[in-house]
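Working notes, beginning with the structure itself.
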Ligand code: AHM
Ligand code: MG
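Here it is, written out as structure tokens:
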């Protein structure tokens, strides 16, 4: 019977490709090819993630990336596969990736419209790779702003999250899932390994009204500013009216934490703190972490904030810029903002 049901699901369910084709390709020609490229690359990564212990892709390359962090073999492989597939789609003029200092541009020898810019964290949660905890890929898609079909420019890359036309993530968990948000809403597709494709399993995903959990690295509270300290203490207080205390859930893989909060309701935050002078704006990157998840949150009824403003309104001045982030249930993000401002609720 189970097998019968899954055959039916495979026969009926919309693929990610069809979803983008139906909903977005009229307005955004060729966009389905960008998603095809990301989807194919993510299937390759998923295969490697599944067998990493067996195939020797665990471990460090010995190099450091732009952020000065040690590069995992799987990080590097994911970056190479993503960039190549995305640029080869013929629809993308520039790719900003966490792993490379400069943005990548395609060869213009082949015909193509190259009308989009992609920002991507090919494999987020690197510290979790070696211990078999879910990791993810995060991406955002912007329209190009420069004219023509040549290589993209820095200005094409420095766009606020407001300009996104789609954003998503892949979570390499017990199953591999792609969650994709656009003006049509947020949809979840599960990779069916027997079909080799992403099939629609989660229609119109909305963050539940009740906020169940908060997710923050509480080990950093020694370095927190007063507003964030007060926020953490407040979330743990008992109060029936606001259903506090919330549960604490923190994986340390942004996508695992965000995905759980999207499904169950939750507030994730990574504030700026006094820990590192090098990173006064917190840890997470605007273009390929904070803007995409804030966009997905927004399309699911939630919100992403820096504490001072909507993440989607931040205009980047640097492709690897970091921002503090509070993301999840809208009302709880707004409460967090009031703590950051200092006028505690
Ligand atoms: P990465 O891009 O180097 O993997 O770092 C990003 C990760 C996020 O997935 C996660 O939310 C955060 O770093 C966890 O940081 P910390 O270990 O400081 O709590
Ligand atoms: Mg990352």
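In my numbering, the protein residues as written are 935 to 1279. Each residue gets a CB set at the ideal place from its N, CA and C atoms; glycine is no exception.
query: Cα-Cα separation, residue 1269 to residue 1278; result: 8 Å
query: Three-state secondary structure assigned by DSSP to residue 1246; result: helix
query: Rounded straight-line distance, which links the Cα of residue 1169 to that of residue 1145; result: 11 Å
query: Entirely enclosed alpha helix (DSSP H) segments - the region 980-1060, minimum 4 residues; result: 986-989 and 1007-1022
query: CB contact flag (residue 982, residue 1012, <9 Å); result: yes
query: Within-9 Å CB hit, residue 1153 to chain B; result: Note that chain B does not occur in the displayed structure, where there is just one protein chain.
query: Extent of the continuous alpha helix (DSSP H) run through residue 1226; result: 1225-1233
query: Within 6 Å of the ligand MG: residues by beta-carbon to any heavy atom; result: 1032, 1055, 1058 and 1223
query: Assigned secondary structure, residue 1159 (DSSP; H/G/I helix, E/B strand, else coil); result: coil
query: N- and C-terminal bounds of the beta strand (DSSP E) containing residue 1104; result: 1100-1106
query: Collapsed DSSP secondary structure at residue 970 in the structure displayed; result: helix
query: Residue 1136: first and last residue of the uninterrupted beta strand (DSSP E) it sits in; result: 1131-1136
query: Check whether residue 1119 and residue 959 have beta carbons under 9 Å apart; result: no
query: Cβ-Cβ distance between residue 1077 and residue 1250 below 9 Å; result: no
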